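Numbering-wise (this note's numbering), the sequence shown opens with residue 3 and increments by one.
From the three backbone atoms N, C-alpha and C, an ideal C-beta is built for every residue, glycine too.
It should be emphasised that the depicted structure is a prediction, and the values quoted were computed from it without experimental measurement.
Okay, so here's the structure we're looking at.
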Amino acid sequence: MPAPDRDPTVPAGSTVTGPGADGPDDRRLSLLMHAAFFLLLGASLARFLMRHPGETRAPWIIALSAVLAALYLLGPVLGSRPTPRRLTWLGVLVAVWMVLVVLAPSFAWCAVPLFYTGLRILPPRAALALVALLTVFVVAAQLRLATGFDPNLVLAPPAVAAVATAVFVHMQRQAVRQRELIDDLLRTRRELAATERREGTLAERQRLSMEIHDTLAQGLSSQQMLLQAADRSWSSDPATARRHVLTATGIAERNLAEARRFVHDLAPADLAEGGGLEAALRTLADRETAQARGRLTVRCHVEGAPAAALPDRVQSALLRIAQGALANVTEHSGASVAALTLTHLDDRVVLDIADDGRGFGSAESVPDGVRGHGLPAMRARVRQLGGTLTVESAPGEGTVLSAAVPLPHTTAHSVPEDRA
């Protein structure tokens, strides 16, 4: 599956907000800030109760601390995008904190996690304004706690806020640039792969054209000249005419051997190795299991036995369908187990590909694979053989793809197609 793209609504280089911006580092930083908030809140409440035992405002301080904690816990439930509900929550959270700071200045340092929350949710200018407002309250609270004027209490909080904001914004912009570089790299790799496929296709076409020109075309041309010569000398020199015909027959046999070699080379490699469709499917299952490295196990089952060897085009089509279906299973389903079941019946052969993945709602919603083995290609292959392709799936219940190909009654008495 390709990597998720950057949110198109976010300008490049700006602070990214929302779930789309939450990578592993973001989540770890969020957990750290949440822990810091509750640690600072608890420490501030303990300090107040120790310094001011029995005061009449103590119940209010305790109640506001509980409200502030409850509001903060509600934040992750609302998400991290700047929706109206989320902005309202942030405004109420900051307002409760401000009231708490007015009543008990020791709660001022809870502002540091609030810096982070505002920077993640708000646009850059609004976030900076919020940071400035929170910093002003922190400075005022520290001056209230001090016995006299201290320049550090005026300068230190703004300096800490500026450094924290700069570091956070820099990290977010670096994350945006990194995601853009990854997207560019993936896009470049896809384009390079497409270019290589096109070049490979052109090279293969050129190779086949040269092969055909140097073998089949030359042979047919020689046969034509020999047969024309035999026709001219048929009456006057029958022996010479017969030699021309025998020579043309030999060339035809060599051309037939070359044509069979072409068909053999263009057939699926697993079938070309011998053993038939059953062996090719088992090889495919083993290869897909090995390539998945524990993420997917593919099993192969064969039921019944064919009355005669399946036609080459049927074997090739069913193997290609199995390859395309397993490619979709690997890329889109998230399955852990898949099964290939080949069933030989009297009048048809059936290939089932089942997986325990996430499934989907309708056959039309199946995502086509990016390797050319999509559902339309599978339907076309089966349709060319007069068969049917069915897909059964439901969300969360996996998928079963079934390809049924009818077999003619004369199959048992016919010779393989590439020998005709």
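Inter-residue spacing [alpha-carbon to alpha-carbon] between residue i and residue j
i, j, result
"E366", "L124", "In this predicted model, E366 has a pLDDT of only 46, less than 50, meaning its place in the structure is not dependable; the value taken from the coordinates is given anyway. Going by the C-alpha atoms only, they are around 40 Å apart."
"L218", "T203", "21 Å"
"P115", "Q325", "52 Å"
"A281", "A287", "10 Å"
"A311", "V352", "15 Å"
"E182", "R59", "53 Å"
"H246", "G252", "10 Å"
"D239", "A231", "11 Å"
"P55", "A45", "15 Å"
"R192", "G278", "34 Å"
"T285", "M35", "52 Å"
"R207", "R200", "11 Å"
"A38", "A294", "41 Å"
"S237", "S211", "39 Å"
"L377", "V178", "36 Å"
"L33", "R350", "59 Å"
"L145", "V156", "8 Å"
"L188", "M380", "28 Å"
"T197", "L273", "28 Å"
"C302", "R29", "41 Å"
"A71", "P153", "32 Å"
"G296", "L194", "29 Å"
Closest Cα partner of residue i within the set the options
i, options, result
"T249", "T190, L229, A406 and V94", "L229"
"V69", "W99, L89 and P86", "W99"
"L63", "L47, A163, S404 and H246", "It is worth fixing the name first, because residue 63 is Ile in this sequence and not Leu. Nearest C-alpha to I63: L47."
"R289", "I253, L320, G306 and A329", "A329"
"R322", "L283, L157 and R350", "L283"
"G400", "A158, G278 and D358", "D358"
"A142", "P160, A129, A131 and A128", "P160"
"S318", "Q225, V94, L387 and L41", "L387"
"D348", "A340, L377, P410 and L320", "P410"
"A436", "S237, I214, L279 and G278", "Any property of residue 436 remains undetermined from this structure, which presents the chain solely from 3 to 422."
"T119", "L105, L80 and A292", "L80"
"L226", "A97, L105 and A254", "A quick correction: the sequence has Gln, not Leu, at residue 226. Considering only alpha carbons, the answer is A254."
"L73", "L132, G389 and V94", "V94"
"R127", "L157, T167, A97 and V96", "T167"
"L31", "F170, R87 and L66", "F170"
"A164", "A131, P378 and L145", "A131"
"A382", "L320, L43 and L342", "L320"
"L344", "G306, A379 and D314", "G306"
"V300", "P313, S224 and L342", "L342"
Beta-carbon proximity list for residue i, same chain, < 6 Å, skipping 5 on both sides
i, result
"P369", "With a pLDDT of 48 at P369, under the threshold of 50, the modelled position of this residue cannot be trusted; read the value that follows with caution. Excluding sequence neighbours, P369 sits near H334."
"P308", "H346"
"L147", "P107"
"L403", "A327, I355 and V393"
"F264", "none"
"V372", "Because the pLDDT at V372 is just 37, under 50, the model does not fix this residue reliably, and the value given afterwards should be weighed accordingly. Excluding sequence neighbours, V372 sits near nothing in its chain."
"A405", "I323, L353, V384 and L391"
"A396", "G361"
"H415", "Because the pLDDT at H415 is just 40, under 50, the model does not fix this residue reliably, and the value given afterwards should be weighed accordingly. Counting only Cβ-Cβ distances below 6 Å, and skipping sequence neighbours, we find nothing."
"R53", "none"
Closer than 6 Å: residue i CB and nearest the ligand HEM heavy atom
i, result
"T58", "The ligand content of the structure shown is nil, which means the ligand HEM is not present either."
Whole-Å CB distance - residue i paired with residue j, under 8 Å assumed
i, j, result
"V407", "V316", "5 Å"
"R262", "G221", "Not really, about 13 Å apart at Cβ, beyond 8 Å."
"L76", "W91", "6 Å"
"V138", "A110", "That pair is no contact at about 10 Å."
"L121", "A129", "5 Å"
Opposing strand residues paired with residue i [DSSP bridges]
i, result
"L342", "C302 and I355"
"E394", "V402"
"P410", "Answer is none; P410 lacks a bridge partner."
"R350", "P408"
Nonlocal neighbours in the same chain, by C-beta distance under 8 Å from residue i, ignoring five residues either side
i, result
"G398", "R360 and G361"
"R209", "none"
"L298", "E290, T291, V331, T332, A337, S338, V339 and A340"
"L66", "V98, V101, L102 and L105"
"R244", "A232"
Own chain, CB closer than 7 Å to residue i, minus 5 neighbours either side, in chain order
i, result
"T242", "S235"
"L136", "A113, L116 and F117"
"R49", "S108"
"R87", "L80"
"S224", "I253"
7 Å Cβ cutoff, residue i in contact with chain C
i, result
"H246", "The structure shown contains no chain C; it holds only a single protein chain."
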